[in-house]
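Report on the following structure.
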Amino acid sequence: MCRVLDNQMQRSAVLIPSNIAEGDGGINKDYLCFLYIARGSLRELKPSLLSEVSWFFIHLDHISESLYAIQNAVRLNQRHQKKQDNHSRET
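Heads up, the sequence shown is in our numbering, so the first residue is 20 and it goes up one at a time.
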């Protein structure tokens with residue numbers, strides 16, 4: 020189970036910047052779609068990390084920095100989505 024969870028977390032972590040980069044420079048609506056996909060990958064990481072804590076007895080202190088980084092990335096992504104959404108409504 021640990022290997023499956025590790026693979027899932029690695030895929031999510033790789034997909035976040037990949038989706039943002041792929042959508043960047045495109046049409047606003049396309050970019051917005053890629054931002055939503057990236058946000059989904061971000062939100063997928065958090066429960067995976069918490070599962071690692073509960074299933075494998077990893078202390079929460081060991082992943083607290085990662086959880087904090089994920090939370091900040093989600094906030095940044097949401098702000099960027101709102102900005103893109105407002106921009107696409109104006110055009």
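Glycine is no exception: its CB is placed at the ideal position from the N, C-alpha and C atoms.
Just to confirm, are residue i and residue j a CB contact at a threshold of 9 Å?
{"i": "Gly42", "j": "Leu34", "result": "no"}
{"i": "Glu84", "j": "Gln27", "result": "no"}
{"i": "Leu54", "j": "Ile89", "result": "no"}
{"i": "Ser31", "j": "Ser67", "result": "yes"}
{"i": "Lys65", "j": "Leu86", "result": "yes"}
Roughly how many angstroms separate the alpha carbons of residue i and residue j, rounded to a whole number?
{"i": "Asn105", "j": "Asn96", "result": "14 Å"}
{"i": "Gln100", "j": "Ser73", "result": "32 Å"}
{"i": "Glu71", "j": "Arg98", "result": "29 Å"}
{"i": "Ala40", "j": "Arg108", "result": "22 Å"}
If we count the other Cβ atoms within 10 Å of its Cβ and call it buried at 16 or more, is residue i buried or exposed?
{"i": "Arg58", "result": "buried"}
Using a Cβ cut-off of 9 Å (strictly closer), state whether residue i contacts chain B.
{"i": "Asp43", "result": "Given the protein chain composition of this structure (a single chain), no chain B is represented."}
Next item on the list: For the region 38-58 and the region 71-81, state whether three or more C-beta atom pairs, one from each stretch, are separated by less than 8 Å.
Entry: no
Item checked: Runs of alpha helix (DSSP H) wholly within the region 26-98 (minimum 4 residues, chain order) -> 47-75
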